[in-house]
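A.B. asks:
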Ligand SMILES: O=C(O)COP(=O)(O)O
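Residue numbers (the UniProt record's numbering): 1 to 216.
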């Protein structure tokens with residue numbers, strides 16, 4: 001059994017609940033296009049692949065880039081709306097730090113939004129690096145993005161894990177041989193993670209995930 005030395009944390013649906021802000025900004029972006037905005041529940045199931053992918057799922061590939069551009073222009077006005085830490089988020093970050101396990105944020109959210117959210121929640125001290133995206137750049141589950149994350153953390157894939165809530169996180173981990181650890185707290189149920197992510201370590205929440213990581 002390999003000991004985990006570095007953990008790459010997903011943000012939306014794993015460490016934070018940012019769905020209200022995302023839903024609001026999606027609706028602001030779709031309004032000028034004359035498109036009826038989706039419900040929060042629908043948005044929740046489309047988040048994970050970055051805002052461009054979320055819009056592709058909601059309105060199709062052709063219209064997505066235009067909506068995503070508007071979203072990026074406005075998200076700073078809404079990104080803290082209804083923002084909450086997920087249960088046990090702070091505890092797992094504290095627990096890992098106290099055991100000398102390094103944490104990085106590994107998110108498909110924009111770099112700036114990710115930094116603002118982490119700073120607002122006063123979680124910055126737990127992360128050695130915040131690794132986010134830009135609108136058309138590399139993202140999970142592209143291998144290139146996982147390699148970049150490993151490089152930024154000077155980490156070895158064999159002693160690294162990705163903790164996330166979606167198949168994007170699972171595939172990003174598998175792309176470079178990191179251990180996939182998933183929690184059913186975001187847009188995917190335990191059962192759907194089980195069927196979409198074979199061989200992943202799947203848990204109800206971050207408390208269970210922490211016990212698993214620390215027991216290794
Ligand atoms: O912006 C998104 O779609 C998802 O971001 P995440 O990688 O933190 O889940």
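Glycine included, each C-beta is placed from N, C-alpha and C at the ideal position.
Just to be sure I understand the criterion: a residue counts if its Cβ is closer than 5 Å to at least one heavy atom of ligand 1. Which residues meet that?
C.D. replies: Checking every Cβ against the heavy atoms of ligand 1 under 5 Å gives 10, 11, 12, 47, 48, 50, 107, 108, 109.
A.B. asks: Please list, in chain order, all residues of the same chain as residue 48 whose beta carbon is under 6 Å from its beta carbon, the five residues on each side excluded.
C.D. replies: On the chain shown, position 48 is the one that residue 48 refers to. Correct list, in chain order: 166, 168.
A.B. asks: Determine the DSSP secondary structure at residue 28, reduced to helix, strand or coil.
C.D. replies: Along the chain shown, read from residue 1 onward, the residue named residue 28 stands at position 28. Note: residue 28 maps to helix in three-state DSSP.
A.B. asks: Looking at the structure shown, is residue 81 part of a helix, part of a strand, or coil, going by DSSP?
C.D. replies: Here residue 81 corresponds to residue number 81 of the chain shown, with the count starting at 1. If DSSP states are grouped into helix, strand and coil, residue 81 belongs with coil.
A.B. asks: Grouping DSSP H, G and I as helix and E and B as strand, with all else coil, what is residue 65?
C.D. replies: Within the chain shown, the letter at position 65 stands for residue 65. Of the three classes helix, strand and coil, the one that applies to residue 65 here is helix, per DSSP.
A.B. asks: Express the C-alpha separation of residue 96 and residue 210 in angstroms, rounding to a whole number.
C.D. replies: Taking the chain shown and counting its residues from 1, one reaches residue 210 at position 210. Taking the chain shown and counting its residues from 1, one reaches residue 96 at position 96. The alpha-carbon atoms of residue 210 and residue 96 are separated by roughly 8 Å.
A.B. asks: When you compare only the Cα positions, how much space is there between residue 82 and residue 16?
C.D. replies: Here residue 82 refers to the residue found at position 82 when the chain shown is read from its first residue. Here residue 16 refers to the residue found at position 16 when the chain shown is read from its first residue. Computed Cα separation, rounded: 10 Å.
A.B. asks: Quick one: measure Cβ to Cβ for residue 109 and residue 12, integer angstroms, because I've assumed they're closer than 8 Å.
C.D. replies: Reading the chain shown from its first residue, position 109 is the one you call residue 109. Reading the chain shown from its first residue, position 12 is the one you call residue 12. Rounded, the Cβ-Cβ distance is 6 Å, consistent with contact.
A.B. asks: Tell me residue 180's beta-bridge partners as DSSP assigns them.
C.D. replies: Residue 180 sits at position 180 when you count from the first residue of the chain shown. Bridge partners of residue 180: 162.
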